[in-house]
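A short worksheet on the structure shown next.
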Amino acid sequence: MRVGLRLTPASVAPLGPAETRLRADPEYAPGRMRKPRSSRSFGAVASDLVIETSGLTKRYGDALVAVDTLDLRVRRGEVYGFLGPNGAGKTTTLRMLLGLVRPTSGGATVLGAAPGSPEGLARIGALVEAPAFYPYLSGRDNLRVLASHARVAEERVDAVLEEVRLSDRAGDRFATYSLGMKQRLGVAAALLKDPELLILDEPTNGLDPAGMAEMREFMRSLGEGDRTLVLSSHLMGEVEEVSDRVGVIRDGALIAEGTVAELRGRAGLRLRAEPIAEAARLVATLPGVDAVTTAAGLIEVDVDTSRAPSINRTLVEAGIAVAELYPEQTSLEDVFLELTA
Amino acid sequence: MTAELLILRKRAATWVLLGIWTLLGVFFAYVVPYALDPEDQTGGVEQFFPESLAGTLISGFPFFGGVFALMLGVFAFGSEYGWGTLKTLFTQRPSRWRVVATKLAALGIVLVPFVLTLFAAGAVSSYVIAQIEHAPVHWPSAWLIVRAMGAGWLILAVWAALGVLLGVLTRGTSLAIGVGILYGLVIEGLLSAFADSVSLLQPLTEVFLRANGYSIAAALGASVDSIESSGPGSYSGPLVGGLQGVAVLVVFTAALAALAGLVLNRRDVT
């Protein structure tokens, strides 16, 4: 996947530095990139841990280990992406964190309380898998039921309906809602308690592209401020766009964890030039270049992307025709596929 | 509690069951037997008069009413599994025990109109029949009516509690209703029928829901002959004292509800 700024030639003719023009890839326009929030601290202080699991394990019989000695730490205020293929154990983990499923061994604390305890649940909002409501009740009545159980003022019901833009259909029966509306009602229910911790499990499941885009936009806003958001998904795009840190789970075990940037690794440069062998040889001698490989007429350069102009200048001055020079970033999807293959 | 009552109140099944229960209750207690041949009935035409209101109506509760209450109990919890709403409820603030207790209490409240409407409809029916027969209208004492209503509620409650447990155990509605009716008709019915000839069965049948329900009904004036000849719900097994009947049903109601609560509390919600 190509990311960020791409240097493109106007033609196949070699370009000098002055002739190179920058083109912002609209897919990755800066305005859409997630900015780190100043209020966050990623220093791992114990009291800052919203979720902490220790050897969390769930077995079903002798054969199936759904979650295997999972040690997970989610810090206050971060958006934690929980990635894994279908059946990896994401939902089982979240169910254990909510007290819906009891672990076979190991333990967890959520907001300093035992999973499923009233003290913890009072501060957690969750949407686990498909939103589940009474089909014959209206969206508003469904939320009133939950507000009553959660001991939340009824005024919150209309507030969260407004927040998820469901006010117009709030009086209609849940059974008549589209999938997107059901998901939004699920998010509204999760927001009822104005929770410190929001757990969303596959919130874009079953949505059409427009609905997914809308939900992603919404999730970005949910993660603002001091609220902690745990987002479980097998869709890389949505996790990559909104998460501060990501944990990858496979076969019930956490196999990688870090910021999106850490997981993706350092960006390198891709270069298309003629003659390719001479270009590769010359680039390899340049300072800061760690490795150069050629494949399919393309030179891959392991180097800080800020060195692109000097590399371009050197090649052009050496009489090498530079057709393309652009930074290349490994996508989270590539990382995920590599990790979970 | 308000929320749980809203769930039950807005559910069509609650009103459908209430309507059918009331209509069929009056139909089989008054309309059909009176229309067929009132004098040929075991209690004579007097059983249709207001003075026999308590006994005539209460004899329909132990099995016929039980089936309706069973369905209500199954729907109250079994449907939650079908809709997946338990996970939604259990991730709100209260503990599972509190959620279950609230739902059970709401179910108990919903049984009240089932008793009241049948007694109201029965009162109207008996009054109309008394007018048709030009018989004097003598209402039973208020105390008897209150006791009969209380007993009716208790009989419905024990079956509803059985429905709750079956709904929870089977995590659904269809199988739970099937098993519940099978239990009432086949297991209790057949074993009670054999109790006369197999003496070993008698102590067992004396703790059955139908035996104790009919015992309460008999204590409140229901004719034993009519209990023995009331179609599929008829009961010819041994009867116990009314107070013992109440005690057994109270224990059963509490035990079944507690067991259902225990299962719900211990079991994973997936």
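If you read the protein sequences in the order shown, they are chains Y and H. The first sequence begins at 1 in my numbering and counts up by one. The second sequence begins at 1001 in my numbering and counts up by one. Built from N, CA and C at the ideal position, the CB exists for glycine as well.
- Think of a sphere of 9 Å around the beta carbon of F1090/H: the chain Y residues whose beta carbon falls inside it are L98, G99, L100, G116 and L121, in chain order.
- With distances taken between CA atoms, K1087/H lies nearest to L121/Y out of L161/Y, S331/Y and L121/Y.
- I311/Y carries a helical assignment under DSSP once its states are collapsed to helix, strand and coil.
- Using a Cβ-Cβ cut-off of 8 Å, F82/Y does not count as an interface residue toward chain H, since no Cβ of chain H sits closer than that to its own.
- Of the residues G1163/H, D1225/H and A1142/H, the one whose Cα lies closest to the Cα of F1252/H is G1163/H.
- Across the set L1144/H, V1099/H, A1054/H and A1029/H, the C-alpha of V1099/H shows the shortest separation from the C-alpha of A1260/H.
- Using a Cβ-Cβ cut-off of 9 Å, P195/Y is close to nothing in chain H; its nearest Cβ partner there is about 10 Å away.
- Secondary structure of L49/Y (DSSP, three-state): strand.
- P103/Y has a beta carbon lying at 8 Å or more from every beta carbon in chain H.
- Proximity to N205/Y across E196/Y, T69/Y, L231/Y and R227/Y peaks at L231/Y, based on C-alpha coordinates.
- Nearest C-alpha to R264/Y among D158/Y, E241/Y, A280/Y and V164/Y: E241/Y.
- Contact with chain Y is absent for L1264/H, since none of that chain's Cβ atoms lies less than 8 Å from the residue's Cβ.
- Residue contact check for K1103/H against chain Y: no CB pair falls below 8 Å.
- Burial state of D226/Y is exposed, judged by a 10 Å Cβ sphere holding fewer than 16 other Cβ atoms.
- Annotated three-state conformation of K182/Y is helix, per DSSP.
- The CB of A1219/H never comes closer than 9 Å to any CB in chain Y; the least such distance is about 40 Å.
- In the three-state scheme derived from DSSP, where H, G and I count as helix and E and B as strand, K90/Y is classed as helix.
- Three or more Cβ pairs closer than 8 Å define a contact, and the segment 89-105 of chain Y falls short of that threshold against the segment 1101-1111 of chain H.
- Taking the beta carbon of V1137/H as reference, no residue of chain Y falls within 9 Å; the closest one sits roughly 42 Å away.
- Annotation for V292/Y: the continuous beta strand (DSSP E) segment containing it runs A291 to A295.
- At a cut-off of 8 Å between C-beta atoms, W1021/H does not count as an interface residue with respect to chain Y.
- Neighbours of P209/Y in chain H, taken as residues whose beta carbon is under 7 Å from its own, are absent, since the nearest beta carbon is some 26 Å off.
- Take the alpha-carbon of A279/Y and the one of V260/Y: they are about 32 Å apart.
- L49/Y and R76/Y have their C-alpha atoms spaced approximately 6 Å apart.
- Straight through space, the alpha carbons of K58/Y and G268/Y are spaced by roughly 41 Å.
- In the DSSP secondary-structure assignment, P203/Y is not bridged to any residue.
- Judged by DSSP in its simplified three-state form, I320/Y adopts coil rather than helix or strand.
- Closest by C-alpha distance to A63/Y, out of A210/Y, R123/Y, E154/Y and D251/Y, is D251/Y.
- For A1193/H, same chain residues with a beta-carbon under 8 Å away, outside a window of 5 residues either side, are S1236 and G1237 in chain order.
- Using a Cβ-Cβ cut-off of 8 Å, I1109/H does not count as an interface residue toward chain Y, since no Cβ of chain Y sits closer than that to its own.
- The Cβ atoms of V1168/H and L1264/H sit closer than 8 Å to each other.
- Between H149/Y and A1003/H, the C-beta spacing is below 8 Å.
- Cβ-Cβ separation between G1241/H and S1215/H: approximately 7 Å, consistent with a contact (criterion under 8 Å).
- Counting only runs of at least 3 residues, the segment 1010-1088 of chain H fully encloses no beta strand (DSSP E) element at all.
- A308/Y and A295/Y have their C-alpha atoms some 19 Å from each other.
- Nearest C-alpha to F1114/H among E1051/H, A1151/H, Q1092/H and L1249/H: A1151/H.
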